[in-house]
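**Q**
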Amino acid sequence: MVKSAAPKHSHFDTIQGRRRALNIINWVLLAAGSLLVLSPLWWMIITSVKTMQEVMTYPPTLWPDSWNWSNYIRTWEAAPFDLYTINTLTITILVVIGNVFVNSFIAYGFAKVPFKGRNALFAVVLSTMMIPGFVTLIPQYVLFAKLQWLNTYFPLVVPAFFGSAFNIFLLRQFYMTIPDELIEAAKMEGASHFWIWWKIGLPLTKPALATVAIFSFNGAWNDFLGPLLYVNDENLYTLQLGLQVFKGQMSTQWNYLMAGSLLVLLPVILLFFFFQKYFIQGINLQSGGK
Amino acid sequence: MGKIELNHITKTYEKDVTAVKDFNLEIEDGEFIVLVGPSGCGKSTMLRMIAGLEEITDGEFKMDGRLMNDIPPKNRDIAMVFQNYALYPHMSVYDNMAFALKMRKFKKEEIRRRVTEAAKVLGLEEYLKRKPRALSGGQRQRVALGRAIVRDAKLFLMDEPLSNLDAKLRFQMRAEISKLHHRLKTTTVYVTHDQTEAMTMATRIVIMKDGVIQQVGSPKEVYDFPANQFVGGFIGSPAMNFFEGLIEDGAFVTHDGIRLALPSTKAQELKSAGYTEGTRMTMGIRPENVTLQPPGFSGESLMPIESEVIVSELTGAETLLYSKLGDQDLIARIDSGLDLRTGDKVTLAYDMELAHFFDSASGERLRLGEDAGISI
Chain A
1 MVKSAAPKHS HFDTIQGRRR ALNIINWVLL AAGSLLVLSP LWWMIITSVK
51 TMQEVMTYPP TLWPDSWNWS NYIRTWEAAP FDLYTINTLT ITILVVIGNV
101 FVNSFIAYGF AKVPFKGRNA LFAVVLSTMM IPGFVTLIPQ YVLFAKLQWL
151 NTYFPLVVPA FFGSAFNIFL LRQFYMTIPD ELIEAAKMEG ASHFWIWWKI
201 GLPLTKPALA TVAIFSFNGA WNDFLGPLLY VNDENLYTLQ LGLQVFKGQM
251 STQWNYLMAG SLLVLLPVIL LFFFFQKYFI QGINLQSGGK
Chain B
1 MGKIELNHIT KTYEKDVTAV KDFNLEIEDG EFIVLVGPSG CGKSTMLRMI
51 AGLEEITDGE FKMDGRLMND IPPKNRDIAM VFQNYALYPH MSVYDNMAFA
101 LKMRKFKKEE IRRRVTEAAK VLGLEEYLKR KPRALSGGQR QRVALGRAIV
151 RDAKLFLMDE PLSNLDAKLR FQMRAEISKL HHRLKTTTVY VTHDQTEAMT
201 MATRIVIMKD GVIQQVGSPK EVYDFPANQF VGGFIGSPAM NFFEGLIEDG
251 AFVTHDGIRL ALPSTKAQEL KSAGYTEGTR MTMGIRPENV TLQPPGFSGE
301 SLMPIESEVI VSELTGAETL LYSKLGDQDL IARIDSGLDL RTGDKVTLAY
351 DMELAHFFDS ASGERLRLGE DAGISI
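In order, the protein sequences belong to chains A and B. For reference, each letter of the first sequence is one residue, going 1 to 290 in the UniProt record's numbering. For reference, each letter of the second sequence is one residue, going 1 to 376 in the UniProt record's numbering.
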C-alpha cells in the first residue's frame, strides 16, 4: 500500500515542479515584455525631468543626474494650458456623448427593428469603414469651409453625432445577443422603440457603451490633426496643439515637451485603470467572444 | 370584456410558406383556449398574430367587435407571457411588474397598489427587490405572470410558458395558472405542444396541424370524439392504438386476418351509415379500453384476444403493456396488480363499444349512432 502510494506521490511532485518551472519562465518572459513596452514611457519620464543639457548629452543617461520636477511647473506655465484643458475636455465630452448615444440608437435600429433593405443599408454603413480617413480629408475640409465652420469646434464635434461604422458595428453585435423576446415583451407592455432603447437597450449594453466611450475619449483627447486643420484661434487650441509651443523651427525643448505629454497622457492612463474591465470586455467583443 | 373573433386568418411568409391557413375561431369572454399541436403547426404564429408581433396576411381579427389587424401591439391591451419569461434583467421584480403601468403613465400609488396585490397573489412579496437572475425558474415564471396580471388586460396570451420548468414545477404551475384564471376570469389563449397541459387547463382545445385547425372542442369532446385519426393519436397519453383492416360480416378484420366481432348495434350503425362489407378502414382504440380479461368473464362488447407481453412498464398506479394485435403494435393500460413479464401469455379484452373507426383514406372519423348528430 505504502509502496504503491509513494511513486504516485513523487510523480505528482514532478508535475507540480514542472508547472512551477513553467510559471517562472512565463513570468520572466512577461516581465521582459512589459519592460520593453514600458521603456518609451520611462524614456518620457526621465527626459521630462532632465535639463536640456542632459537631454543632449551623448551617450544618453538612463538615470537622470538630477530630477528637475520644476520642469512640470515651467511646462504648465509656458502656455495657457488651463484653457487648453477646458477646450479639450469640452470637445472630448461632446464627442463621447455623441458617439455613445447616437451609435447606440443606430445600432438598436439595425439589430432590433426589422425594415426593408436593412441588411443592404448596414452593408453600406460598414463599407464606410473601408475608406481611409485621409481620402475624405480634403472634401470634408471644403464642406466645413462652405458651412463656415472653420475656426469653430463644429467640425470636431458634429461628426460624432452622425454615427461611426465601427461603433455601430460593435454595438449592433452586442444588441444581437439580447433576446428578441425582451423587445417584444416591452412592445406588448406599451413601449415605443425609443423607450425600449432608452429603458432596456441602453442599460443592457453598458459594457459595450463603456468601450465606445473609452475609444471615443481616447480618439478625441489625442486628436491632433483635427484641431490642427480646423482651429486657428489660439484661444480655441486643444492640449495636443498646445504642446506644439515646445517644438520650435530650430530646436525642440524635449524636456518640456515630454513633461507636457506626460501630463496630457495622465487622464488616459487613469481612465484605463478605472475601466480596464470594460476595455478588455470590449476588445473581446470585437473578436466575437462574449 | 374580451370577446375575440378570428375570421379566415391566414399567414403566408415570403416564398409561399403558409404557416396558418384559414383559421376560424370565436372566443367568448373568460374562456381559456389552448392551441395545441406538434412543432411547426402554426400555433405560435397564430398567437403572435393576435399579439400583433406578426402581421396578419389575410383575414380579420376582432376584439369586442373592433378590427385589430392594424393596431400596433402596444395599443392592443393584450398581455403576453413568453416562453423564456422575457424579464428585464437589469430591473428588480417590482420594476419588471411596474414597467407596463409606468409606460401607461399610471399614478405612483396606483402602481404600488397593483404590484403589491399581484405579488401577494403570486407569493412574490419577499422578492420584489430582487433581480430576476437571483430567482429560481418557478419564481421567474411567477414574475412573468405577475407582469401580465397587473395590467388588467383584456386578453392574456401565453406561449409555452411552462416548457422551461422541470416536471414537478410544471405540474404545480399548471394548477396555479388554472387557479389564477378562475380567479381573474380573463380571456386567455395558451399555446403548448403538451397535450396534458391542453387537457387539464383548457375550457376549449384547438388542435392544429400544418397550419390548419383539426378540431375545436372541450377536452372531453376531443378525447371522446376525435374528429380524425390525427386528433385521436395526438390527444391522450399513451396514444390511441390504430389497426388497419376492413369490415366483414359484422366484425372488424385486421389486414392479417384477426377477427374482432362488433356489438350488434355498432355493426348496424356502420351498415346504416353506408359502410358496407369490405370497406377498408382504421380502427382506433384507447389503451384503457384494452383490458386484461378476467377469467370466466365475457360481455357482449368485450372481444378477447390471446396476446404475448413484449414489455410491461409499471408507472405506479397502472401498468403499460406493450403487445401486438397480429403484426400491429398495441399498448394497453392495465391495473398494476399483476406482475407480468416479457413473454407471458395474456388474454386482452378489446371494448369494441368504445372503438373508433376512421376512413383509411382521409383519416376522418366515421360518425355513427348517437354522435352522428354532434357537429365538431
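Cβ atoms here follow ideal geometry from the backbone N, Cα and C, with glycine treated the same way.
DSSP on B/N69, reduced to helix/strand/coil?
**A** coil
**Q** Along the chain, where does the alpha helix (DSSP H) containing A/P227 start, and where does it finish?
**A** L225 to Y230
**Q** Within this structure, are the beta carbons of A/A107 and A/Y175 separated by less than 8 Å?
**A** yes
**Q** Suppose the cutoff is 7 Å on Cβ atoms and the five residues either side in sequence are ignored; what does the same chain contact list for A/A186 look like?
**A** I196 and I200
**Q** Does any residue of chain B have a CB that is nearer than 8 Å to the CB of A/I208?
**A** One point to set straight first is that residue 208 of chain A is Ala, not Ile, in the sequence displayed. It does not: the Cβ of A/A208 has no partner Cβ on chain B nearer than 8 Å.
**Q** May I ask which residues mark the beginning and end of the alpha helix (DSSP H) holding B/M158?
**A** Looking at the DSSP string, B/M158 is not in any alpha helix (DSSP H); the run it does join, the beta strand (DSSP E), is L155 to D159.
**Q** Compute the Euclidean distance between the alpha carbons of B/M158 and B/G37, then round it to the nearest angstrom.
**A** 15 Å
**Q** Which residues mark the beginning and the end of the alpha helix (DSSP H) in which A/I131 is found?
**A** Element bounds for A/I131: n/a, residue is neither H nor E.
**Q** Answer with yes or no whether the minimum CB distance from B/K154 to chain A is below 8 Å.
**A** no
**Q** Taking 8 Å as the cut-off, decide whether the C-beta atoms of B/L135 and B/V143 are in contact.
**A** yes
**Q** Of all the residues that make up the stretch 186-204 of chain A, which are near chain B by a beta-carbon distance shorter than 8 Å?
**A** A186, K187, M188, E189, G190, A191, S192, W195, K199, I200, P203 and L204
**Q** Could you name the residues of the same chain whose beta carbon sits closer than 6 Å to that of A/K290, not counting the 5 residues immediately before and after it, in chain order?
**A** Reliability fails at A/K290, whose pLDDT of 35 lies under 50, so the model's placement of it is uncertain and no value is given.
**Q** Does A/P179 have its Cβ less than 8 Å from a Cβ in chain B?
**A** yes
**Q** Thinking just about the alpha-carbon of each residue, which of B/V253, B/A332 and B/S272 is nearest to the one in B/R286?
**A** Sorting B/V253, B/A332 and B/S272 by C-alpha distance to the C-alpha of B/R286 places B/A332 at the top.
**Q** For chain B, is any of its Cβ atoms less than 8 Å away from the one on residue 329 of chain A?
**A** There is no way to answer for residue 329 of chain A, as the model of chain A reaches only from 1 to 290.
**Q** What is the residue span of the alpha helix (DSSP H) that A/S127 lies within?
**A** R118 to S127
**Q** At a Cβ threshold of 8 Å, is A/L182 touching chain B?
**A** Contact with chain B is found for A/L182, since one of that chain's Cβ atoms lies less than 8 Å from the residue's Cβ.
**Q** Would you be able to state if there are at least three C-beta pairs under 8 Å between the stretch 210-227 of chain B and the stretch 62-72 of chain B?
**A** no
**Q** Specify whether the stretch 104-112 of chain B and the stretch 49-57 of chain B touch according to this definition: at least 3 beta carbon pairs, one from each stretch, less than 8 Å apart.
**A** no
**Q** Applying the criterion that 16 or more other CB atoms from any shown protein chain within 10 Å of the CB defines a buried residue, is A/F274 buried or exposed?
**A** exposed
**Q** Suppose contacts are defined by Cβ-Cβ distances below 8 Å. Is residue 426 of chain B in contact with B/I207 by that definition?
**A** In this structure chain B extends from 1 to 376, so residue 426 of chain B is not present and cannot be described.
**Q** List, in chain order, every chain A residue whose beta-carbon is nearer than 8 Å to that of B/K74.
**A** K187, M188, E189, G190, A191 and S192
**Q** Is it true that the stretch 235-250 of chain A meets the stretch 69-86 of chain A, where meeting means three or more beta-carbon pairs spaced less than 8 Å apart?
**A** yes
**Q** Residues in the same chain with beta-carbon distance under 6 Å from B/K43, minus the five sequence neighbours each way, listed in chain order, please.
**A** L35, G37, V191 and M208
**Q** Using a Cβ-Cβ cutoff of 7 Å, what residues of the stretch 119-138 of chain B are near chain A? List them in chain order.
**A** Nothing from the stretch 119-138 of chain B brings a Cβ to less than 7 Å from some Cβ of chain A.
**Q** So, under 8 Å CB-CB, B/L354 and B/A273 are touching, yes? Tell me the CB distance rounded to an integer number of Å.
**A** Actually they do not touch by this definition, with Cβ atoms about 18 Å apart.
**Q** Exposed or buried, which one is A/K277 when buried takes at least 16 other CB atoms within 10 Å?
**A** exposed
**Q** Helix, strand or coil: which one does DSSP assign to B/D351?
**A** Strand at B/D351.
**Q** Just verifying my parser: in three-state terms, what is the DSSP assignment at A/N235?
**A** helix
**Q** Does the distance from the CB of A/L171 to the CB of A/A210 come in under 8 Å?
**A** A distance of 8 Å or more separates the beta carbons of A/L171 and A/A210.
**Q** Please work out which residues of its chain come closer than 6 Å, Cβ to Cβ, to A/G288, disregarding the five sequence neighbours upstream and downstream, and give them in chain order.
**A** Confidence is the limiting factor: at A/G288 the pLDDT is only 39, short of 50, which leaves the residue's position unreliable and the question unanswerable from this model.
**Q** Please report whether the beta-carbon of B/N164 lies at a distance below 8 Å from any beta-carbon of chain A.
**A** no
**Q** Would you say B/I111 and B/A119 are within 8 Å of each other, going by their C-beta atoms?
**A** Taking 8 Å as the Cβ cut-off, B/I111 and B/A119 do not qualify as a contacting pair.
**Q** Taking all protein chains shown into account, decide if A/M250 is buried (16 or more other Cβ within 10 angstroms of its Cβ) or exposed.
**A** exposed
**Q** Counting only the same chain and skipping the five closest in sequence on each side, list residues whose C-beta sits under 6 Å from that of A/G98.
**A** A160 and F161
**Q** If you measure between the beta carbons of B/R280 and B/L325, is that distance less than 8 Å?
**A** Contact: no.
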